[in-house]
Amino acid sequence: MIGSGESLPEMLTHLWHILPFALLFSLPVAALGGIALYVLRRGSLATTLTVLVLIPVLATLVGVLGISGFMFTPALTTMLLVCLLVGLVTVPAAIILGRAIARRSVWEREARERERAAEASRRELVAWISHDLRSPLVGIQAMAEALADGVVAERHEVADYAQRITGETRRLSAMVGDLFELSRITAGALELTMSAVPLRDVVSDAVAAQAPVAHRKRVRVLANASTWPVVTGSDPELARIVRNLVSNAIRHTPPDGTVAVQIGVDGDEALLAVDDSCGGIPDDEITRVFDVAFRGTQARTPEREGTTSGGGLGLAIAKGLVEAHRGRIGVQNHGPGCRFEVRLPLAMP
């Protein structure tokens, strides 16, 4: 025992004699604690912090017991009681802090993953859309220069060039409109004027608007309804949802195929299903269908019969508009193609 009247050299001498015994008893505890931490390295953060707190407390306790020779004097009893109280306070605190830190770490990791995914999506969007915007611009420039230089002089050739320039201009305008709509959705600047909207009118108008495209591709578009529900939504945006889904279905349906639009009610939701004959979507791509600028193909050139593959924004816009209506949208392989299902809240009577 170190007396209260000892000088500093005498205290240091006592400490020098105590040190080997303290290390002898405490180091094995610390080593076992290190092994426990290694075994639990893949466990929860709360468990790791609890073990980390217990290691110095147990090492101190074992070291004091070893140095005292297990002679339970009042001083030793007091020391053991202090270690016990320290353990009772620090262990629950470690569990609580560990869980809080774990939740924060998970949140930060998920936030970083979302940020990386968003950044990758932005880079992909910029790369793809830059190509899509450049292609019609190059064509317009070449045709305009040919007209200006007199390379094309025949009346029918001039009319053909003018028609093609008009078509490319419309394509550019549609892509710019899609980009503007998508930017409003992602920025949270989309303002909806909600009212009771009959789906009969929305579907009829959308199908009629896509009829010329379907006729050119020799695709039949059918609309069936077990009942015509009324939903709570914004008429222009609901029309955009149906139009995008029907247009996408027509684009991916081969000639002489069929696109079926089915309307019904499922519980307290209106159900809109659009079936196509695309042959199905690969399992590794079906989860990316609603990603911005995803088309399911590496080809960035216009398709046959004068139609274009689109900017890859239609389904992303449809998803954003559905979610803005507090609805849900999904896709699954169904029959000879795939089915897009939209569920929207019914209007209150």
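Take the sequence shown: its position 13, counting from 1, is numbered 13 in UniProt numbering, and each next residue is one higher.
We put the beta carbon where it would ideally sit given N, CA and C, even for glycine.
All values reported here derive from a predicted model rather than from experimental measurement.
Closest to residue i by CA distance: which of the options is it?
i      : options                           : result
Ala208 : Ser247, Val176 and Glu237         : Ser247
Pro92  : Ala120, Ala223 and Thr48          : Thr48
Ile101 : Arg251, Ser173, Thr50 and Ala270  : Thr50
Asp283 : Gly257, Ala148 and His334         : His334
Ala148 : Val221, Leu137, His156 and Tyr161 : Tyr161
Gly257 : Ala159, Glu285, Thr287 and Leu222 : Leu222
Ser44  : Leu32, Asn224 and Arg99           : Arg99
Val322 : Thr186, Ile286 and Ala225         : Thr186
Ala95  : Ser130, Val53 and Glu157          : The sequence given here has Ile at residue 95, not Ala. Measuring from the Cα of Ile95, the nearest candidate turns out to be Val53.
Pro56  : Val152, Leu32 and Leu76           : Leu32
Asp178 : Ala225, Glu154 and Leu313         : Leu313
Ser135 : Glu168, Arg114, Ala120 and Glu119 : Glu168
Val176 : Arg155, Glu154 and Val126         : Val126
Phe290 : Ala146, Arg155 and Ile329         : Ile329
Am I right that residue i and residue j are in contact with their C-beta atoms under 8 Å? What's the rounded C-beta distance?
i      : j      : result
Gly327 : Val342 : 6 Å
Thr232 : Ala347 : 5 Å
Leu199 : Leu315 : So it is not a contact: roughly 20 Å between Cβ atoms.
Ile250 : Ala214 : 5 Å
Pro345 : Glu269 : 6 Å
Leu182 : Val106 : No, Leu182 and Val106 are not in contact; Cβ-Cβ is about 30 Å, not under 8 Å.
Val152 : Val158 : 6 Å
From what residue to what residue does the beta strand (DSSP E) around residue i run?
i      : result
Val275 : For the sequence presented, residue 275 should be read as Asp rather than Val. Residues Glu269 to Asp275.
Ile329 : Arg328 to His334
Leu315 : Element bounds for Leu315: not the beta strand (DSSP E) but the alpha helix (DSSP H), Gly314 to Ala324.
Cys338 : Gly337 to Pro345
Between which two residues does the alpha helix (DSSP H) containing residue i stretch?
i           : result
residue 415 : Nothing in the structure corresponds to residue 415, since the chain is present only between 1 and 349.
Glu285      : Asp283 to Ile286
Leaving out the 5 sequence neighbours to the left and right, which residues in its chain are closer than 7 Å to residue i when beta-carbon positions are compared?
i      : result
Ala206 : Ala239, Val242, Arg243 and Val246
Cys338 : Asp276, Cys278, Gly280, Ile281, Val331 and Gln332
Leu190 : Arg184 and Ala324
Gly63  : Ala22, Phe25 and Ser26
Arg304 : Confidence at Arg304 is low in this model, with a pLDDT of 43, below 50, so its placement is unreliable and the value that follows should be read with caution. The answer is none, since no qualifying residue turns up.
Ile18  : Ile67
Val89  : none
For a cutoff of 8 Å on Cβ pairs, would you count residue i as touching chain C?
i      : result
Leu172 : Structure shown: chain C not included; a single protein chain is present.
Below 6 Å CB to CB, which residues in the same chain sit around residue i once its five sequence neighbours on both sides are set aside?
i           : result
Ile165      : Ile140 and Met143
Pro20       : none
Phe340      : Leu245, Val274 and Val331
Val29       : Leu58, Ala59 and Val62
Val265      : Thr227 and Pro229
Ser195      : none
Val202      : Leu238, Ala239 and Val242
Val39       : none
Gly306      : No answer about Gly306 holds up, because its pLDDT of 42 lies below 50 and its placement is not dependable.
Gln298      : For Gln298, the pLDDT reaches just 43, beneath the cut-off of 50, and the residue's location in the model is therefore unreliable, although a value from the coordinates is still provided. So the list is empty, once near-sequence residues are dropped.
residue 350 : Examination of residue 350 is not possible in this model, given that the chain is present from 1 through 349 alone.
Ordered along the chain, which non-local residues of its own chain (more than five positions away) have a Cβ less than 8 Å from that of residue i?
i      : result
Thr253 : Lys217, Val219, Val259, Asp276, Ser277, Cys278 and Gly337
Leu192 : Gly233, Ser234, Glu237, Ala324 and His325
Asn224 : Ala260, Val261, Gln262 and Ile263
Gln210 : Val221, Arg243, Val246, Ser247 and Ile250
Next on the checklist: Report the start-end ranges of each alpha helix (DSSP H) in the region 198-265 that is 4 residues or longer and not cut off at the edges.
Outcome noted: 199-217 and 235-252
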